[in-house]
Amino acid sequence: MSIPALLERNAREFGGKDAYREKEFGIWQSWTWAETAEEIEALALGFINLGVNEGDFIAIIGRNRPYFYWAMVAAQSVGAIPVPLYQDASADEMAYVLDHCGARFVVAEDQEQVDKVIDVQDGLKQFEHMIYIDPRGMRKYDHKKLHEFSHIQAQGRAAHDELIEDLIARRGKATYDTTCVMLYTSGTTGKPKGVVLSNQNIVESAKNASEFDKLNSSDEILAYLPMGWVGDFIFSVGQAYWTGFCTNCPESADTLMADLREIGPTYYFAPPRVFETQLTNVMIRMEDASRMKKWMFDKAMGLAKRVGPAILDGKSVGLIDRLKYKLGDIFIYGPLKNTLGFSNVRVGYTAGEAIGPEIFEFYRSLGINLKQLYGQTEATVFITVQPDGEVRADTVGVPAPDVEIKIDDSGEIFYRSPGTFVEYYKNPESTASTKDPEGWVATGDAGFFEKDSGHLRIIDRAKDVGKMSSGAMFAPKYVENKLKFYPDILEAVLFGNGKDSCMAFINIDLTAVGNWAERNNVAYASYQELAGHPRVLDTIQEHVEAVNKSVAQDDMLSGCQVHRFVILHKELDADDGEMTRTRKVRRVIVEDKFSDIITALYDGSSEVSTVTEVTYEDGRKGSISATLQIRDAKVQPVSAQKVAAE
Amino acid sequence: MSNEGYVTADGRKIGGTVMEMKNITLRFGGVKAITDISFDIKQGEIRAIIGPNGAGKSSMLNVISGFYVPQEGEVWYKGSRRPQMRPYEVAQQGIARTFQNIALFEGMTVLDNVMTGRLNHMKTGLFSQAIWKGKAEQEEVANREVVEKVIDFLEIQAIRKTPVSRLPYGLKKRVELARALAAEPSILLLDEPMAGMNVEEKEDMSRFILDVNDEFGTTICLIEHDMGVVMDLSDRVVVMDYGKKIGDGSPDEVRNNQAVIDAYLGVSHD
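Top to bottom, those sequences are chains U and L.
In the numbering used here, each number is its position in the first sequence, counted from 1, plus 1026.
In the numbering used here, each number is its position in the second sequence, counted from 1, plus 368.
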């Protein structure tokens, strides 16, 4: 069994059903499974014609478009290995991956991506040919190594008779044990690692997850998450090919929300940040709504908060409340869900980061079946998932089907499953240190199972959990998440390992704070100016002190209260290496880069001047300098016994 | 002036003369806006008209687009002398333009605005368009396709259904360009396409202008204040000052022309 084999099956069984849609020129263009099979075959023949050998690596660089999914399956059909990259990566980051896997071929979207590869191609020994989809702006380029996607397909079609036997033979060699895809994990430390996933990993994981949520060929998804991320591969390829459902690609990144509304997916996935942004937008627009509408909205949301999640879980709710909720559905929830594009969502997932309980409850109270899962690339996504009716904001659910989990003495989570990755490419040491001979994989996360429910709770990255000088436990993520649940705060980084007190960096959310500034006649010219505004500092200080109060109530972590904080003058950015492409903070790099600010936080100064190098999207460098105010936050007294007992 | 084409520094082949101004003089009452100016525009080139404020640049563009009728001189287009024409007749000949102070239909969506650029390509009458059956419907679909390609080209998909009045200035400028492009012009006149834009918007607009020229082979004649932009974009430049032509040539030639330097930097009269 392999993805190309599933394609043949789908073309046979669901031939006339839509497999892909993409909005282009204002219209949803669609391809049935039969047409998809033909397009992929033409491309696969074109690949052979171009000289693709079995075992070659083909890099895929672009936003979610049907052509790239076809390119991945066509690569598999000829025995090559697709390597999807993050399309917003810089040329240097791409150079590392392209060189590491030794990609002979690159399929790129447009001039922007082609230019990046051309910039670095001299350092790539194995690189030979590039195929692009959008020819715009490249008429004058040297086309010896550059080919248009449709031309490759046309050449493939023309050479059908001589190459088809070779293709059939190659396609037949794909088994459960052959490599399906290689994905680079961004990694919060060090260079990215190439995770090799077999057909078994992908197909079994897709099958289990599809059965768990009862997905079928009539489902619809919107493919908009980065193609380099394992989640997109499992949803848009694994599950799409297993169940035969339709993958819809948006017109552009800017039209995403409109496209979401038009498609109305039934199966939806988004990181917490997307849900946060949507909620912030709803709240901002409600602020501007008429008094009547606002009153209705508040009233209805009050009711939804009280009974919505219970109704969604099928628990018993009073008849009057049930009727009121129905009414609310007609006037508020229904139209709101429609505006957000969630009218048809049957199963929705969020993962990657902790989601704020209020945000989570908001969507669930509207009747959207939003759940959490816990996973990683090495597990082919699924480690734990929340079953319908057992959904909570603070846990990540029970082990996914066929997944075994154990927790060692230090609290680190280990798993073993059919999705367990084959190896890190060209990196046996890392493979050995992550996966033991029995197949148990270390997640690097610390957590525990709740006794009553059997649900897993994640505390933090195991290596980030430390001790303060008093001996109290230091778990930064716990505090950071509490801070990030405020819409004003986009990102927070906590320091304090081995120290006597904790300090924090804060990034404000420009949308939320900018809107606040507009309402309160606070003038500002730039992100930096807004971030340094005294009234913004006041607001953030209130949030920090509120978080301190809540942290103080936790016996284990009361030492992690924030004593002093600073609002950073720039957003932490993947282009500057401060975050991964999946937007996880790289603690070590942040600590190193802003060490002057950390020093100032600990030595008691009231402000600090700093100069920071920034990288623009096109790779140019610049620097920004700023003088940052440091604020003290009120901390709650920690009872002495608890520290002593430690 | 020769009718020959030439090859640009970046290797584009420019064809023969498509439009020629011969001794144009334009007066408003006693004021001479343009005095005896001659220059040509060649097939496929980006031709700029620059000059200080009040030099008569916009007047010149309005002469080309048929909005002003010069008292003296001739406009030659595609090898024959252009008789006096109404602006819409000039548009029918394949000349489209944008305006310095945006002239869009503020209450209409971007899509509808761009569709108006197709007016000269619509043949069905008012009545059949109102009923919207058969031919009128087919015609609209065909024209919508062209418009959608322009929308895709200028990357304004996300604002397709947004009323123009809600758009920021930079995007309005882009919508104007879209409307002009929708007419599939052979000559595109741009009146200060970068005015009032920030650096990023200017970079975007420059890229679009170059792409239009490269992709569709459209001849472009633009007026611009921003010298940096003009020097980077254009193949040949006409310099005007007080209604007179004081320079004409490649950006480098113009940059080193003493009359041009004096006009821009000022010269002391002692």
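Glycine residues also receive a C-beta, built at the ideal position from the N, C-alpha and C atoms.
Using DSSP bridges, identify the partner residues of residue 616 of chain L.
-> L/606
Can you give the beta carbon distance from residue 1158 of chain U to residue 1092 of chain U, rounded, assuming they're within the 8 Å contact cut?
-> Between residue 1092 of chain U and residue 1158 of chain U the Cβ distance is about 15 Å, and since that is not below 8 Å, they are no contact.
Flag residue 1550 of chain U as yes when its Cβ comes closer than 7 Å to any non-hydrogen atom of the ligand ATP, and as no otherwise.
-> This structure lacks the ligand ATP; in fact it carries no ligand of any kind.
Please classify residue 1121 of chain U: does DSSP put it in a helix, a strand, or coil?
-> helix
Segment limits, beta strand (DSSP E) that includes residue 389 of chain L | 385-396
Find out if the Cβ-Cβ distance for the pair residue 393 of chain L, residue 439 of chain L is shorter than 8 Å.
-> Yes, Cβ-Cβ distance for residue 393 of chain L and residue 439 of chain L is below 8 Å.
Any beta-carbon of chain L closer than 8 Å to the one on residue 1278 of chain U?
-> Yes, residue 1278 of chain U counts as interfacial toward chain L.
Min CB distance residue 1537 of chain U to chain L below 8 Å | no
Is there at least one Cβ from chain U nearer than 8 Å to residue 379 of chain L's Cβ?
-> yes
Along the chain, which unbroken stretches of the alpha helix (DSSP H) at least 4 residues long are found entirely within the region 1106-1160 of chain U?
-> 1117-1127 and 1137-1146
Does any CB atom of chain U fall closer than 8 Å to the CB of residue 520 of chain L?
-> Output row for residue 520 of chain L: interface = yes.
DSSP bridge partner residues for residue 1628 of chain U (one or two, in chain order) | Looking at the DSSP assignment, residue 1628 of chain U forms no beta bridge with any residue, so it has no partner.
Please compile the residues from chain U whose C-beta is within a distance smaller than 7 Å of the C-beta of residue 528 of chain L.
-> 1052
Inside the region 1213-1238 of chain U only - alpha helix (DSSP H) runs reaching at least 4 residues | 1225-1238
Which residues in the same chain as residue 1298 of chain U place their Cβ atom closer than 8 Å to its Cβ, once the five residues preceding and following it in sequence are excluded?
-> Cβ neighbours of residue 1298 of chain U beyond the five flanking positions: 1376, 1378, 1379, 1380, 1381, 1382 and 1385.
Residue nearest to residue 399 of chain L in terms of C-alpha spacing, selected from L/482, L/380 and L/423 | L/423
Secondary structure, alpha helix (DSSP H): runs of 4+ residues fully inside the region 580-605 of chain L | 595-601
Which residue spans inside the region 1490-1522 of chain U form an unbroken alpha helix (DSSP H) run of at least 4?
-> If we require 4 residues or more, the alpha helix (DSSP H) runs fully inside the region 1490-1522 of chain U come out as 1502-1510.
Residues near residue 1390 of chain U by beta carbon distance below 8 Å, same chain, minus five either side = 1334, 1335, 1338, 1396 and 1417
Can you list, in chain order, the residues of its chain whose CB lies under 7 Å from that of residue 1263 of chain U, leaving out five sequence neighbours each side?
-> 1029, 1095 and 1098
Are the Cβ atoms of residue 482 of chain L and residue 518 of chain L separated by less than 8 Å?
-> yes
How many angstroms separate the CA atom of residue 1496 of chain U from the CA atom of residue 1526 of chain U?
-> For residue 1496 of chain U and residue 1526 of chain U, the distance between alpha carbons rounds to 6 Å.
Determine the direct distance from the alpha carbon of residue 1363 of chain U to that of residue 1669 of chain U, and round the result to whole angstroms.
-> Caution applies to residue 1669 of chain U, whose pLDDT of 45 falls short of 50 and renders its modelled position unreliable; the value that the coordinates give is listed next. Their backbone Cα atoms lie some 48 Å apart in a straight line.
Cβ-Cβ distance between residue 1648 of chain U and residue 1593 of chain U below 8 Å = no
If you check the beta carbons only, do residue 410 of chain L and residue 382 of chain L fall under 8 Å apart?
-> Yes, the Cβ-Cβ distance between residue 410 of chain L and residue 382 of chain L is below 8 Å.
From the DSSP output, which residues share a beta bridge with residue 1474 of chain U?
-> U/1483
Using a Cβ cut-off of 8 Å, which residues of the region 1145-1164 of chain U contact any Cβ in chain A, in chain order?
-> As a matter of chain content, chain A is missing from the structure shown, whose protein chains are U and L.
Curious, which full-length alpha helix (DSSP H) runs of at least 4 residues does the region 1367-1422 of chain U contain?
-> 1383-1391
Chain L contact residues for residue 1281 of chain U, given Cβ-Cβ distances below 7 Å | Residues of chain L passing the Cβ test: 525 and 526.
Backbone CA spacing between residue 627 of chain L and residue 598 of chain L [nearest angstrom] | 18 Å
Nearest-angstrom Cα separation, counted from residue 1615 of chain U out to residue 967 of chain U | Residue 967 of chain U cannot be examined here, being either before or after the span of chain U that is shown, 1027 to 1672.
Using three-state DSSP, classify residue 1599 of chain U as helix, strand or coil.
-> coil
Establish whether the CB of residue 1142 of chain U and some CB of chain L are separated by less than 8 Å.
-> So, not an interface residue.
In three-state DSSP terms, what is residue 422 of chain L?
-> Judged by DSSP in its simplified three-state form, residue 422 of chain L adopts coil rather than helix or strand.
Given 8 Å as the limit, is there contact between the region 1268-1283 of chain U and the region 1238-1249 of chain U, that is, 3 or more CB pairs closer than that?
-> Touching, yes.
Length of the line joining the Cα atoms of residue 1034 of chain U and residue 1478 of chain U = 46 Å
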